[in-house]
Amino acid sequence: MIKQIYSLIQYDESVKTMEAGADNIGLVPMQHGGVPAHRVPLDRVDKIFAEAKRRGVTSVAIMLTNDPEEMLQLAERIQPDILHIAGDGYAADAEFAKRLKKVAPHTELMQAVLVDGEGAIARAKSFAPFVDYILLDSGLAPDTGIGASGVTHDWNIDAKIVKEVNVPVIEAGGMGPDNVAEAIEKIRPYGVDSLTKTSIKYEGGNMEKDIPKVKAFCEAADAAAKKLGL
């Protein structure tokens, strides 16, 4: 069971998050999108992702810009393990996937899918032919694209998507130590993602990871997966 933790900002918290059990770590490289306080300078992105590579942890660059050209420029500059498209005004297509491989040959593509009803099933299926991962998430929060709302959605729809698409699905949306085991049992995803429920938030949009909660989330996910033989 892949445990994916968003959204890292500082180097030290990134290291602690990896040590707490995260398999994937995600951050928002400096770009025209997302909450300004969450955007990470590119030199720090390099340092965090280099440490992730050294530890065998997967690096995820979160795209909240809606400009595909900016996404491709960042992918070429950063060369992350995964590029996650989460903006609410642009979604990947086959041409984008092809262009991504040209500028970042070893970078995989993850597309966020907003689960707001049964229509999400068809949307997820439409991405499956050209993406490497699908991330299922809840409603839009201000300035965060698809996700970061801290609320769950209809897991019955997610379970259908997992069964009907042929790419790995990562479950997001209100995931925390308190409900990740239940979500895994219900949905049987490839991985689980947490942001809001494993973060400490401050005024002005600043936040940091709550490392004990990160550790509890990862341990609960591993225990649930082991119990189910996943």
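Residue numbers (our numbering): 8 to 237. Virtual Cβ for every residue (Gly too), placed ideally from N, Cα, C.
Three-pair Cβ contact test at 8 angstroms for the region 107-117 versus the region 78-91: With a cut-off of 8 angstroms, the region 78-91 and the region 107-117 count as touching, because enough Cβ pairs lie within range.
Separation of I16 from L143, as counted between CA atoms: Numbered from 1 along the sequence shown, position 136 holds the residue referred to as residue 143. Numbered from 1 along the sequence shown, position 9 holds the residue referred to as residue 16. Our two residues, L143 and I16, have alpha carbons roughly 23 angstroms apart in a direct line.
Of the listed residues A223, V221, K208, K234, nearest to A44 (C-alpha basis): Reading the sequence shown from its first residue, position 37 is the one you call residue 44. If we check each option's Cα against that of A44, K208 comes out closest.
Straight-line Cα distance separating A111 from K33: Walking along the sequence shown from the start, residue 33 turns up at place 26. Walking along the sequence shown from the start, residue 111 turns up at place 104. Reading off the sequence shown, one finds Gly at residue 33, where the question assumed Lys. Straight-line Cα distance between these residues: approximately 17 angstroms.
Local Cβ density within 10 Å of K216, reported as buried at 16 or more and exposed below that: As a first step, residue 216 is located in the sequence shown; it is residue number 209 there, counting from the start. Burial is judged here by how many other beta carbons sit within 10 angstroms of a residue's own beta carbon; K216 has at least 16 and is buried.
Close Cβ partners of A190 (< 7 angstroms) along its chain, the five nearest in sequence each way excluded: The sequence position of residue 190 within the sequence shown is 183, counting from 1. Sequence-distant partners of A190 (beyond 5 residues in either direction) whose C-beta falls short of 7 angstroms from its own C-beta, in its chain, are W162, E178, M182, V199.
Where Q17 falls: helix, strand or coil (DSSP): As a position in the sequence shown, residue 17 is number 10, starting the count at 1. Three-state result, Q17: coil.
Anticipated Cβ contact below 8 angstroms, K132 with E171, distance rounded: Residue numbering aside, residue 132 sits at position 125 when the sequence shown is read from its first letter. Residue numbering aside, residue 171 sits at position 164 when the sequence shown is read from its first letter. With 8 angstroms as the limit, K132 and E171 qualify as a contact, their Cβ atoms being about 7 angstroms apart.
Local conformation of A119 per DSSP, three classes: Counting from 1 along the sequence shown, the entry for residue 119 is found at position 112. Of the three classes helix, strand and coil, the one that applies to A119 here is strand, per DSSP.
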